[in-house]
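Residue numbers (the numbering used here): 215 to 346.
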Amino acid sequence: MKNSHAQLIFDMIDEGQFTAVTSSITLSEVLVMPYRLGRMDLVEYYRKMLSSGENTEYVPILDEEAAITVAKLRAINESLKKFDAQHLAVAIQHHCDLFLTNDAKLKKVIGLPEELRVVLLNEIEAELNIKH
């Protein structure tokens, strides 16, 4: 995993090159497989990594403003899934300028602020002008 795009992002966050904003929604998604596999070590690793990192802002739950943003996004993007809209709403509410995902469909979402760029993990090196 050391050479993966995700590991690159985690390393950059650890080094303080940027701040990550994540939410309890992310935690609920990434813990499914470790729980299925009975990997409590991974459960603890992901919990700590996502909720207590020095350069990570953890948003525990959606508030009313984010809920309204979710509704607006889903109203104009009929195929947008609820969790995806919630992730985007958190990014909008916290004025993020980069939204990382593995879901190419999210690049086509309309109604996002101009300053929020949706970037696939496999595009991150080019997006951030990183050379190996």
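The C-beta atom is built at its ideal place from N, Cα and C for all residues, glycine as well.
Boundaries (first-last residue) of the alpha helix (DSSP H) holding residue i
i           : result
residue 220 : 219 to 228
residue 280 : 278 to 290
residue 333 : It is not in any alpha helix (DSSP H) - residue 333 instead sits in the beta strand (DSSP E) that spans 331 to 334.
residue 301 : 296 to 307
residue 253 : It is not in any alpha helix (DSSP H) - residue 253 carries neither H nor E in the DSSP assignment.
residue 340 : 338 to 341
Limits of the beta strand (DSSP E) - the one that residue i falls within
i           : result
residue 313 : 312 to 315
residue 271 : 270 to 273
residue 244 : No beta strand (DSSP E) contains residue 244, which is instead part of the alpha helix (DSSP H) from 238 to 244.
Check whether residue i and residue j have beta carbons under 7 Å apart
i           : j           : result
residue 236 : residue 276 : no
residue 325 : residue 294 : no
residue 336 : residue 219 : yes
residue 305 : residue 284 : no
residue 281 : residue 307 : no
residue 333 : residue 320 : no
residue 269 : residue 227 : yes
residue 311 : residue 329 : yes
Given residue i as reference, the closest of the options once Cα atoms are compared
i           : options            : result
residue 322 : 304, 291, 307, 305 : 291
residue 223 : 331, 314, 328, 320 : 314
- [ ] Take every Cβ of the region 258 to 274, pair it with every Cβ of the region 238 to 247, and state whether three or more of those distances are shorter than 8 Å.
- [x] Output reads yes: the region 238 to 247 touches the region 258 to 274.
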